[in-house]
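Chains as they are written, first to last, in the numbering used here: chain V, 55 to 166; chain L, 1140 to 1256.
Where is the CB? At the ideal position from N, CA and C, for every residue including glycine.
To start, the structure itself, in structure tokens.
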């Protein structure tokens, strides 16, 4: 099976802009989770979607949002970008919550 | 509060020697524990998990981990380290939601493993 794919791999945006990141899970996986990775804060959970419903949310401001489509593909959106949003954004999929998560390569977002 | 601690920022070991990367956790209820490895500019790769059963769990690439409930620890081990094992290692615990279903993982800060020839 193909692994988790994320597009784009690299992105440079200006402060105040918005950005949309995409994630395609492993075929058959219905749970998709998003994480932010930074040197200072490490890996932090953003949200999880299962069957198009947000099932859990981390402690991030409302500027961070996401959605999941009927084919389990997911997108996350960050509006009004701030310099501190520069990070590696990782998407992970699993068949359901009780299984291990498989991570994509990430999208490296740089906000200038 | 749910948390995971990796007390060592870096572990240095000579190739061929055994290695241990430490992890302790704090979570209510029965823990679901995981180890992941991250190579530079890559996503996380799953190594192994503990859900229930034997306290010694075997995983990918010759790694294993020992679950110790009384010490709330889940240390990663390998009998003989390889230079190619050099990477960033993360311990994680799944946080149960109100309904029991949640994909939320809490990660430790990570431990850099350096294996020298």
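Please classify residue i as buried or exposed, where buried requires at least 16 other C-beta atoms within 10 Å of its C-beta.
i                       : result
residue 1247 of chain L : buried
residue 1243 of chain L : buried
residue 1170 of chain L : buried
residue 1224 of chain L : buried
residue 95 of chain V   : exposed
residue 79 of chain V   : buried
residue 1177 of chain L : buried
residue 138 of chain V  : exposed
residue 106 of chain V  : exposed
residue 110 of chain V  : buried
residue 123 of chain V  : exposed
residue 1182 of chain L : buried
residue 1195 of chain L : exposed
residue 1217 of chain L : buried
residue 60 of chain V   : buried
residue 81 of chain V   : exposed
residue 1199 of chain L : exposed
Going by the DSSP bridge assignment, what does residue i pair with across the sheet?
i                       : result
residue 121 of chain V  : V:129
residue 1144 of chain L : L:1163
residue 1252 of chain L : L:1150 and L:1226
residue 162 of chain V  : V:64 and V:142
residue 1172 of chain L : L:1189 and L:1232
residue 148 of chain V  : V:85
residue 1158 of chain L : L:1217
residue 157 of chain V  : V:146
residue 59 of chain V   : V:78
Determine the extent of the beta strand (DSSP E) in which residue i is found, giving its start and end residues.
i                       : result
residue 1181 of chain L : Element bounds for residue 1181 of chain L: n/a, residue is neither H nor E.
residue 1151 of chain L : 1149-1153
residue 1214 of chain L : 1212-1217
residue 92 of chain V   : 85-92
residue 76 of chain V   : 73-78
residue 110 of chain V  : 107-111
residue 1207 of chain L : 1203-1207
residue 102 of chain V  : 96-104
residue 1246 of chain L : 1244-1246
residue 1197 of chain L : 1195-1197
Checklist line | Interface residues of the region 140-160 of chain V facing chain L [CB-CB below 8 Å] | finding: 144, 146, 148, 150, 151, 152, 154, 155, 156, 157, 158, 159 and 160
Check: Which residues, in chain order, does the region 100-121 of chain V contribute to contact with chain L at a C-beta distance below 8 Å?
Finding: 102, 104, 109, 110 and 112
Next item on the list: Mind the definition here: the region 150-160 of chain V touches the region 125-138 of chain V only if three or more C-beta pairs lie below 8 Å; say whether that holds.
Entry: no
Item checked: the region 1144-1156 of chain L / the region 145-156 of chain V touching (three or more Cβ pairs under 8 Å) -> no
Notebook entry, point to check: Is the number of C-beta pairs between the region 1212-1219 of chain L and the region 1158-1174 of chain L that are closer than 8 Å three or more?
Noted result: yes
Note to self: Measuring CB atoms only, is the region 59-69 of chain V touching the region 85-94 of chain V, in the sense that at least three cross pairs come out at less than 8 Å?
What the structure shows: no
Check: Between the region 77-97 of chain V and chain L, which residues of the former have a C-beta closer than 7 Å to a C-beta of the latter?
Finding: 85, 87, 96 and 97
Notebook entry, point to check: Along the region 1241-1254 of chain L, what residues have a CB closer than 9 Å to any CB found in chain V?
Noted result: 1241, 1242, 1243, 1244, 1245, 1246, 1247, 1248 and 1249
Note to self: Closer than 9 Å between beta carbons: that is the criterion. Which residues of the region 1163-1174 of chain L meet it against chain V?
What the structure shows: 1171 and 1173
Margin query: Along the region 1194-1212 of chain L, where does the CB come closer than 9 Å to a CB of chain V? Name the residues.
Written below: none
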